[in-house]
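438 is the number of the first residue of the sequence shown in this note's numbering; add one for each residue after it. Virtual Cβ for every residue (Gly too), placed ideally from N, Cα, C.
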Amino acid sequence: MTAVRRWAHREWGPLYRAVRDGLVARRWRAVPMTLAAVCLTAAFQYVQNRPWGYGFVQDVGAVRAADPWWLALLRTPLSLFVPALDLPVWGALGQILVVFGVAEICLGRPRTLVIAYLATLIGTLYARLGIALGPGSPFGLPASDARVVDTGPSAAVVGLAVYVCVRHRARWTAACVVVAMCVECALKPNLAGKEHLAAIGAVLLLCAAEALARRQDGGGLRSGSGVPPIRFWKPRSKRDQRRSCR
């Protein structure tokens, strides 16, 4: 049991402390964006299940690969908060509350939004690429998927979960998420499953790029934050600054 506890402490200790400290210090004020996202998703679910609201939700948040580029990009931000009609809304609300909440506390609101929308956008772009490749390719999709409504927070949730786990060194947990998505895609090969894998791939590439940037920058941590900063230049030392002033 002691070995299991030590492993759990190494795996989830930094992440648990970051979430605990954020909630203790600010309580619900630590996750205002997450609460707003939950409320917006619940509102979209209510509206789209009304005869007068279904068309409106489709117009502002339903993305299809058959749509023009400009229309898909315009609808992508709100599509994240439109729950899929064939899935229980409580699942989407629970995913947003837990994963977005943890990410908002650990990463901050701007970074959480960037990762969430990056994962969603990559999934949307992959759908078009997969249909262009065709079903004969391992990464291809059938032409019928061009008419599938592509909404929901799942790609953003998966991307955020992997990103937070990698950044807080819960690598086994991140690996479990990746394996679970691969198994899901193998058992049920559909548009959503392959979009999840595309989102994970984009997030892992981003993590690798940030790790390389930190290594070049000396691996310093931003003061008061558990998330290392991203810098693309090497700041000059005080000695170099004095020399340049002479």
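Pull up the CB-CB distance for residue i and residue j, whole angstroms please, since I reckon it's below 8 angstroms.
i	j	result
residue 598	residue 536	5 angstroms
residue 570	residue 560	Not quite, the Cβ-Cβ distance comes to about 15 angstroms (not below 8 angstroms), so this is no contact.
residue 583	residue 501	7 angstroms
residue 509	residue 557	That pair is no contact at about 11 angstroms.
residue 546	residue 470	5 angstroms
In chain order, what residues of the same chain lie with their CB nearer than 8 angstroms to the CB of residue i, ignoring the 5 residues before and after it?
i	result
residue 600	540, 544, 552, 640, 643 and 644
residue 465	472
residue 619	634
residue 554	513, 514, 517 and 593
residue 504	512
For residue i, count neighbouring Cβ atoms within 10 angstroms of its own Cβ and tell me buried if that reaches 16, exposed if not.
i	result
residue 476	exposed
residue 531	exposed
residue 485	buried
residue 512	buried
residue 649	exposed
residue 520	buried
residue 602	buried
residue 441	exposed
residue 612	exposed
residue 595	buried
residue 669	Its pLDDT being 31, under 50, residue 669 is placed unreliably in this model, and the value from its coordinates should be taken loosely. With fewer than 16 Cβ atoms within 10 Å of its Cβ, residue 669 is classed as exposed.
residue 494	buried
residue 573	exposed
residue 499	buried
residue 482	buried
residue 462	exposed
Give me, in chain order, the residues of the same chain whose beta-carbon lies closer than 6 angstroms to that of residue i; leave out the 5 immediate sequence neighbours on both sides.
i	result
residue 452	605 and 607
residue 542	456, 459 and 467
residue 638	none
residue 517	557, 590 and 593
residue 657	Bear in mind that a pLDDT of 49 at residue 657, under 50, signals an unreliable position, so the number given afterwards is only what the model happens to contain. Same-chain partners within the cutoff: there are none.
residue 662	Its pLDDT being 43, under 50, residue 662 is placed unreliably in this model, and the value from its coordinates should be taken loosely. So the list is empty, once near-sequence residues are dropped.
Can you list, in chain order, the residues of its chain with a C-beta nearer than 7 angstroms to that of residue i? Leave out the 5 residues immediately preceding and following it.
i	result
residue 621	630
residue 568	502, 578, 580, 582 and 583
residue 615	599 and 637
residue 490	484
residue 492	none
residue 562	none
How about residue i and residue j: do their beta carbons lie closer than 9 angstroms?
i	j	result
residue 589	residue 524	yes
residue 632	residue 564	yes
residue 497	residue 515	yes
residue 526	residue 479	yes
residue 585	residue 522	no
residue 444	residue 610	no
For the ligand NAP, is there any heavy atom lying closer than 8 angstroms to the beta carbon of residue i?
i	result
residue 643	Looking for the ligand NAP in the displayed structure turns up nothing, as the structure carries no ligands at all.
Closest Cβ-Cβ distance between residue i and chain B: below 9 angstroms?
i	result
residue 473	Within the model displayed, chain B is absent; a lone protein chain is all it includes.
For this session: Give, in chain order, every unbroken run of the alpha helix (DSSP H) that is at least 4 residues long and sits entirely within the segment 581-667.
Result: Fully enclosed alpha helix (DSSP H) runs of 4 or longer: 591-604, 608-624 and 628-654.
Exercise. Where are the alpha helix (DSSP H) runs, 4 residues long or more, that stay fully inside the segment 530-565, in chain order?
Worked result: 538-544
Problem set entry | 4-residue-minimum alpha helix (DSSP H) runs that sit fully inside the segment 461-529, ordered along the chain | 469-485, 491-498 and 506-516
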